[in-house]
Amino acid sequence: MEDRRIYAVSEVNQYIKNLLEDQPGLQNVLIRGELSNYKVHASGHHYFTLKDEGGVLRGVMYKSSAMKLRFRPDNGMKVIAAGRISVYSRDGAYQLYCTHLSADGVGDLHVAFEQLKEKLYREGLFDPAHKKPLPPFPKRIAIVTSGSGAAVHDMIRILRHRYPLAKVLLLPVRVQGAEAPAEIVGAIRYANRWQLGDVLITGRGGGSLEDLWAFNDERVARAIYDSEIPVISAVGHEPDVTIADFVADRRASTPSNAAEIAVPDVKELLRGLQNKSGRLTQAEFNLLDRRKQQLQYLADKRALTDAMAIFQDRRQQLDYLQEKMAAIARMQLEQRYRRFGQTAAKLDALSPLQVLGRGYALAQSEDGSVLRSAKQVAPGTQIRVRLHEGELHCTVNDKRE
């Protein structure tokens, strides 16, 4: 027991680490698994666990390798990790030192495309309410694309042919490679800052997904969204779809189609003007014909052919009104006569004289006051008694109350 060597913990960990790193098959290994516990440290290093049905393996991707990722790893994602197996001496645990991470089953670019598309959609960058209308007759058109590609020559040719009145300004940029997104963003912002166009076209010719990737960059998408100038996205061919297509105010199937969308066809405009001119001329002729007919109608009027006709008509109308007013006056007078007779009959029925006619008499004092009670007189008082015919002057001999 005394002859056996005693190792320190760190020595054992280092020994095992050397053993693993001496195995060529573990120094460039590909491992398929599902991501879990994925974390990004403040230092920029990525820490995760790979797992399958039978086990788990810790992994780390240093910042220098993580910066090359084209998509955002997430828990539950199936991936293929490349790297080497070694031991982290401090913990005595072996782990994967990952140098490359790719999505299993689909390409990295496809995953990155779908992730960015979902992110920008949730933020509202694809909202139709934000899209600006294109000007019907633009005076200036700014094109952000490669200055040497076939696409720009096709666009300029079509713009000059369809609408030579517009001024075309080319802002040449790289449309492929790592530097392309920054140049495209810079050109879009420059065009907006100096208001170089009424409409802006950005795009390039066709190519692979990797060739078109500059237009799937988040920086380019946000620059298009923030543009005050309406933007037409013209990337690739009809089947090619990029993030820029979703954010732009209009999407064109090809660069040539973008030029057709941006401006009207001057020949069509001329034909339309000629058509409107012909319709306007015909409308004026029709209006003149109607005015002639109205003039002839008025000229044939009796008021113009017989100057006294209107006076005769008015005189006849006046006679008719006089007769009508006289008839109304007579009718009203008769109604008033009838009402007067009815009222007089009612008053006559209420007259005291009518009562006297039925045999009654009216007693009055000497001053004409009507006597209603025996208390009003005393024996020897002179009174007057009015009959239906005549009046009696009497002396009260006696009274009975």
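In the working numbering, the protein residues as written are 673 to 1073. We put the CB at the ideal spot given by N, CA and C, even for glycine. The structure presented is a predicted model; accordingly, all values stated were derived computationally and were not measured.
Just verifying my parser: in three-state terms, what is the DSSP assignment at residue i?
i, result
"N700", "coil"
"L797", "coil"
"G858", "helix"
"R677", "coil"
"T977", "helix"
Just list the residues that DSSP pairs residue i with in beta bridges.
i, result
"V847", "Note: V847 sits in no beta bridge, so no partner."
"A758", "Here the sequence assigns Ser to residue 758, which means Ala is not the residue at that position. Beta-bridge pairing links S758 to Q767."
"L707", "L722"
"R812", "K839"
"H772", "A754"
"R923", "S905"
"V712", "H718"
Considering residue i, what are the terminal residues of the alpha helix (DSSP H) in which it resides?
i, result
"R962", "V938 to A971"
"I828", "A822 to R834"
"S928", "P927 to A934"
"V919", "I915 to V919"
"R744", "Unbroken run through R744: none, as it is neither H nor E."
"A895", "E890 to D898"
What residue does the beta strand (DSSP E) around residue i start on, and which one ends it?
i, result
"M733", "V728 to M733"
"S905", "V903 to V907"
"R876", "V871 to R876"
Check whether the Cβ of residue i lies closer than 8 Å to any Cβ atom in chain B.
i, result
"D991", "As a matter of chain content, chain B is missing from the structure shown, which is built from one protein chain."
For the stretch 1005 to 1073, list the beta strand (DSSP E) runs that are entirely contained and at least 3 residues long, ordered along the chain.
1034 to 1037, 1054 to 1058 and 1063 to 1067
Below 8 Å, can you find three or more Cβ-Cβ pairs linking the stretch 755 to 773 to the stretch 727 to 737?
yes
The stretch 691 to 700 contacting the stretch 731 to 745, beta-carbon criterion three pairs below 8 Å
no
Counting pairs of Cβ atoms below 8 Å between the stretch 922 to 935 and the stretch 953 to 962, do you hit three or more?
no
Looking at C-beta atoms only, is the number of pairs between the stretch 810 to 830 and the stretch 840 to 849 that lie closer than 8 Å three or more?
yes
Does the stretch 741 to 753 touch the stretch 778 to 785, meaning 3 or more C-beta pairs lie closer than 8 Å?
yes
Under 8 Å: do the stretch 869 to 882 and the stretch 907 to 924 share three or more Cβ pairs, one atom per stretch?
yes
Stretch pair the stretch 885 to 899 + the stretch 814 to 832: three plus CB contacts closer than 8 Å
no
Touching or not, the stretch 1063 to 1072 and the stretch 1033 to 1051, by the rule of three or more beta carbon pairs under 8 Å?
yes
Given 8 Å as the limit, is there contact between the stretch 1057 to 1065 and the stretch 1031 to 1044, that is, 3 or more CB pairs closer than that?
yes
Given 8 Å, three or more beta-carbon pairs between the stretch 935 to 946 and the stretch 891 to 906:
no
On the three-pair Cβ rule with 8 Å, is the stretch 911 to 921 touching the stretch 790 to 799?
yes
Does the stretch 758 to 775 come close enough to the stretch 683 to 692 to have 3 or more Cβ pairs within less than 8 Å?
yes
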